[in-house]
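To start, the structure under review is shown below, and the notes come after it.
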Amino acid sequence: MTSRPIWWCRIANGSMPMRQECWSGGMPGFAEGCGTTRDIATMNDKSPRIMVGRFWHESNGFNPHFTQGSDFQLAEGETLIAQARSSSTTLAGIIAALQRHAVQILPSLSAIAAPGGLVDHDFFEQIKARFVADIQRLKPDAIALELHGAMGTTQLADAEGDLLAALRQAAGKHTTIAIGLDLHAHVTQQMLAAVDLCIACKENPHSDVVECGSKVAVCLLAVLRGELRPVTAMAKVPMVLPGAAETAAGPLLEIHDEARRLAKADPAIWDISLFNVFRYADDHGIGQAALVLTNNNPASAERAAAPLAAAFWHKRMRFQDELVAIGDALTMAAARPDARPLVLADMGDRVLAGAPGDSTAILAAALHAPCRLRGAIPITDPEAVAQAFAAGRDSELSLHLGGKITPGFRPLSVRARVIHLSDGNFVLAGPFQGGEPSAMGPTATLLVDGRLSLVVTSKPAFSHDPAVFTSQGVVIGAQDFVVVKSGYHFKLNFAALAKPVLVRTPGLGYYTRGSLVYRQAIFWPEHDVPPPVVTPQIFTRNAPLATPMDVPS
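Quick note: the sequence shown uses my numbering, first residue 484, plus one each step.
As structure tokens, this is what we get:
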């Protein structure tokens, strides 16, 4: 049974007349000196000015392929606002909630890329410099950002902590800074020392990211009114757990239910965010965490945070997944009692966990399975794409496909016909990240053995979404199975189309004992973990407002 967070609400998108301002400066890939503010009829010169933006990446430290600036989707100004109106993201929730109030929305920058290897540090510095420049130019009263919380660069483990420290320095101690995070974030002291509000989504799959953004905005406005003086406690258990990451069942449902009970019982608590952390970063201090936001009440924050964090330790034996072997999954696809295709989660090669997406394990098994199944499989292989483009549509060619990025993988030799070529640009169908533009780079759809449609991409694909396939001419209903490089979010986006099966496969996107070498993070049961002493840390807002601002409720 799925429980809905007690603070859940849905705030409809609003609209308001606009005015534009331009400024000098910019960064590669953007129109020089163009940005916007928002205005409505009831605004006056004292209306709060709130800068919004996003810098989102989940960085797999075991992936040898670094994430470059060219891998990011970038938007600014009115484009950022327009995309948010039609998307299902935390940033969209922030903007929609702010639009309901007499505030000026100052769009800065949105940069988002599919999970992958560590972010190129020079690109990170460019984005950080852009945010800092916008703060110095716009001088906002408050800042609201969507971040993931598990970004690392080629030089920094705690990228968001470094970013937020720079933004705090640029903004000064009186500017309210609020962030919305993924519940797999690695929350650090540096992050919490720099912000006033830190709130995560509560559900995995992330069906509540818009609501998360709405709550970030609602709490931020309460701070500006003087109604909320944020005091946050963080309690952390320094270990990474291997499985059972869904919040609708098992140990996470129980811990989230307890968080909802505690929040309901104590009016001082405004939010409780639980962090089950991203498993594929080998950094010191990563651990399961509970974050409790209160209205100037450190005792309530500590009282709730400590037992919630400790619950991860006490329930650790139950954080295991039940996965299906590849052969068994294909046998299930051949049966299909309800005539729907199966959607097979390639757990080892999950792009949504930062793996390269270049596995051919399921393809190889399907080619040799007793039944001639029809299937659709995404594979990252820019070399094969280039060969397909050179050959042209309807051409036949021999390829050494996939297996060129993940250590230990090998290419698979296939004979294929080119049936579709494109630039790989499309829009995610959702609901998770629905309306967001996505780019796979030049993409070729290849037909192997007359029955297996391979969507071969230059960049790892957000294949949790059916638009990855339909945009490339693949009819999902005509397949016996569809492979996604996702473990959880695909269940939302394929709910009406296919039946989900989690498949045990090799790769950098799923932990099996001994498969990944952790030198800094403590991974249970890979490492012996002594019973933790859970001691909450208290973080207070940097400086209370001298005079509350006039923000209509």
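Glycine is no exception: its CB is placed at the ideal position from the N, C-alpha and C atoms. What you are looking at is a predicted structure, and each value in this text was computed from that prediction instead of being measured.
From the options, pick the residue whose C-alpha is nearest to that of residue i; which is it?
{"i": "D963", "options": "D841, H797, L827, S896", "result": "L827"}
{"i": "G840", "options": "H604, A792, F945", "result": "F945"}
{"i": "G891", "options": "E741, T777, D811, G831", "result": "G831"}
{"i": "V586", "options": "K529, C681, V910", "result": "K529"}
{"i": "S591", "options": "H604, R568, G560, G576", "result": "G560"}
{"i": "H641", "options": "L664, T671, G663, L630", "result": "It should be noted that the sequence gives Asp, not His, for residue 641. The shortest Cα separation from D641 among L664, T671, G663, L630 belongs to T671."}
{"i": "A533", "options": "I618, Q771, G956, C684", "result": "One detail in the question is off: residue 533 reads as Ile in this sequence, not Ala. Among I618, Q771, G956, C684, the Cα nearest to that of I533 belongs to I618."}
{"i": "T550", "options": "I578, F607, F758, L813", "result": "F607"}
{"i": "I738", "options": "G997, D691, A788", "result": "A788"}
{"i": "D554", "options": "D603, P688, A596", "result": "A596"}
{"i": "V1017", "options": "F795, P688, V692", "result": "F795"}
Mapping the DSSP letters down to three states, classify residue i as helix, strand or coil.
{"i": "V678", "result": "coil"}
{"i": "E541", "result": "coil"}
{"i": "E729", "result": "coil"}
{"i": "E866", "result": "helix"}
{"i": "K982", "result": "strand"}
{"i": "K656", "result": "coil"}
{"i": "G696", "result": "helix"}
{"i": "P1031", "result": "coil"}
{"i": "M815", "result": "helix"}
{"i": "F915", "result": "coil"}
{"i": "S783", "result": "helix"}
{"i": "V615", "result": "helix"}
{"i": "W753", "result": "strand"}
{"i": "T637", "result": "coil"}
{"i": "K747", "result": "helix"}
{"i": "Q609", "result": "helix"}
{"i": "G810", "result": "helix"}
{"i": "S591", "result": "strand"}
{"i": "N976", "result": "helix"}
{"i": "H739", "result": "helix"}
{"i": "A944", "result": "coil"}
{"i": "H1054", "result": "The question about residue 1054 has no answer, for the chain in this structure spans 484 to 1036."}
{"i": "F952", "result": "helix"}
{"i": "M722", "result": "coil"}
{"i": "H604", "result": "helix"}
{"i": "S553", "result": "helix"}
Which word fits residue i, buried or exposed, when buried means at least 16 other C-beta atoms lie within 10 angstroms of its C-beta?
{"i": "D766", "result": "buried"}
{"i": "R651", "result": "buried"}
{"i": "V565", "result": "Correcting the residue identity first, residue 565 is Ala in this sequence and not Val. Under this definition A565 is an exposed residue."}
{"i": "H584", "result": "buried"}
{"i": "S969", "result": "buried"}
{"i": "Q955", "result": "buried"}
{"i": "K611", "result": "buried"}
{"i": "Q1003", "result": "exposed"}
{"i": "S921", "result": "buried"}
{"i": "A514", "result": "Low confidence applies to A514: its pLDDT is 40, below 50, so where it sits in the model is not reliable, and the reading given next is rough at best. It counts as exposed."}
{"i": "E710", "result": "exposed"}
{"i": "R613", "result": "buried"}
{"i": "R996", "result": "exposed"}
{"i": "H1010", "result": "exposed"}
{"i": "M747", "result": "The sequence shown places Lys at residue 747, not Met. When all chains shown are included, K747 counts as exposed."}
{"i": "G886", "result": "buried"}
{"i": "T1030", "result": "exposed"}
{"i": "D829", "result": "buried"}
{"i": "T988", "result": "buried"}
{"i": "P1019", "result": "buried"}
{"i": "V1000", "result": "exposed"}
{"i": "T926", "result": "buried"}
Tell whether a beta-carbon distance below 8 Å holds between residue i and residue j.
{"i": "S936", "j": "P865", "result": "no"}
{"i": "A716", "j": "V678", "result": "no"}
{"i": "G768", "j": "P721", "result": "yes"}
{"i": "P943", "j": "G599", "result": "yes"}
{"i": "D624", "j": "I682", "result": "no"}
{"i": "L628", "j": "G536", "result": "yes"}
{"i": "T658", "j": "V706", "result": "no"}
{"i": "L601", "j": "G632", "result": "no"}
{"i": "Q771", "j": "A792", "result": "yes"}
{"i": "I862", "j": "L884", "result": "yes"}
{"i": "A950", "j": "P824", "result": "no"}
{"i": "G918", "j": "V910", "result": "yes"}
{"i": "T777", "j": "A838", "result": "no"}
Could one say the Cβ of residue i lies closer than 8 Å to chain C's Cβ atoms, at least one of them?
{"i": "D641", "result": "The structure shown contains no chain C; it is built from a single protein chain."}
The stretch 721 to 738 / the stretch 802 to 809 touching (three or more Cβ pairs under 8 Å): yes
Three or more C-beta pairs below 8 Å linking the stretch 785 to 801 and the stretch 817 to 824: no
Cβ contact check for the stretch 921 to 939 and the stretch 852 to 866: 3 or more pairs under 8 Å: yes
Inter-stretch contact at 8 Å, needing at least 3 Cβ pairs: the stretch 689 to 703 / the stretch 569 to 580: yes
At least three beta-carbon pairs within less than 8 Å, the stretch 897 to 908 to the stretch 869 to 880: yes
Three or more C-beta pairs below 8 Å linking the stretch 842 to 856 and the stretch 904 to 913: no
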